[in-house]
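Here the sequence shown stands for residues 3 to 233, where the numbers follow this note's numbering.
Glycine included, every Cβ here is placed at the ideal spot set by N, Cα and C.
What follows is one structure encoded as structure tokens, with my remarks underneath.
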Amino acid sequence: MVDFNLSRNQQITKFKDHLIVDGFYEFPDRVRDAAFSKGFEYRSEAVSYPGAEGYVDAHDWLEIHGRVSQGLIHRHLQSGGEPPSAFTQHKKNFHQGKFRIATALDEIYRPDGVHQDFQRWTGVVYLTLPQHCAGGFELYSHSHTGALDANDPRYIEFLENMLAAVPVEMHDYVVHEHMRDKSNWTLIDEIPLAYNRFIIAMAHCFHATGVCFGSNIQSARLSQHFEFYDC
Ligand SMILES: [Fe+2]
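Below, the structure written as structure tokens:
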């Protein structure tokens, strides 16, 4: 089993409701190599991310999930004395530690847009080499209402009005297209990509994956993903 230790020299920065951890893995090149050790697949069903994904059984990624939730999240992001066990590993059919890759071509055909996640915390390790990094994790407000999340009454009212004359069977499509159209959204912040940077993003707010780039898998946007669910 390859050694995928977390670094002891992580630089941790709190950014609003989010956490940025630079120097996450001790040997990020090994994780990159692992990501490329198997292929990536495009999923046929509707997805909320650009590009393809792959899972590599080279490590017990759940062990890293547990260390993050009981360490970084508990120490830096939880409040009110919440126990560190408040985040489960299996709430959706999600492979903790999966990899995603997206090139400039995927930018053209990307199906995703601004969204808000089911899980409270989203963890992403960026594994694109420094010379290729571009874009990042984007945070948005809804341009028509100023809402920062889908529970804002102004956003709920806007959707109700927008959908009032739309057949029910078209609602999901119309909302999805509204979220994909960036003219409906105002970029308010961006956490830039950086090699071996781990971000723990508070995902109950409007956000999007930044620009995809690269002409091949070596120069593409490569990331590893974890989700942290409330019990
Ligand atoms: Fe997300």
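- If you ignore the 5 residues before and after V116, its C-beta comes within less than 6 Å of the C-beta of Y142, M181, W187, F208 and A210, all in its own chain and listed in chain order.
- In the DSSP assignment, L107 falls within the alpha helix (DSSP H) that extends over A106 to Y111.
- In this chain, the beta strand (DSSP E) harbouring F228 covers R223 to D232.
- When distances are taken from the beta-carbon of D119 to the heavy atoms of ligand 1, the shortest one is below 6 Å.
- For I202, the enclosing beta strand (DSSP E) stretches over residues R199 to M204.
- Residues of the same chain with a CB within less than 7 Å of the CB of F230, apart from the 5 flanking positions on each side, are S71, I75, F89, Q121, R122, W123 and G125 in chain order.
- Under the DSSP definition of a beta bridge, R102 partners with E55 and S225.
- For L150, the closest alpha carbon among the candidates L224, D174, R45 and D119 is that of D119.
- Contiguous beta strand (DSSP E) elements confined to the region 107-162 occur at 123-128 and 138-144, taking only those with 3 or more residues.
- Counting along the chain, D19 sits inside no alpha helix (DSSP H), nor does DSSP assign it H or E at all.
- A direct Cα-to-Cα measurement between T15 and A167 gives close to 46 Å.
- Within its own chain, the residues whose Cβ lies closer than 6 Å to the Cβ of K40, once the five positions on either side in sequence are excluded, are G56 and V58, listed in chain order.
- The beta carbon of H20 is closer than 7 Å to those of I193, I201, I202, A203 and M204 in its chain, skipping five residues each way along the sequence.
- Your pair G99 and W63 checks out as a contact, with CB atoms roughly 3 Å apart and the cut at 8 Å.
- Out of R156, C214, Y197 and Y111, the CA that lies nearest to the CA of E140 is found in C214.
- Ranked by Cα distance from F160, the first of Q133, M172 and S145 is S145.
- With 16 or more other Cβ atoms inside 10 Å of its own Cβ, Y197 counts as buried.
- Note that the C-beta distance between S225 and R102 is below 7 Å.
- V127 has its alpha-carbon roughly 7 Å from the corresponding atom of H227.
- Nearest to N11 by C-alpha distance, out of D5, V23 and F17, is V23.
- Rounded to whole angstroms, the gap between the alpha carbons of S50 and D114 is 5 Å.
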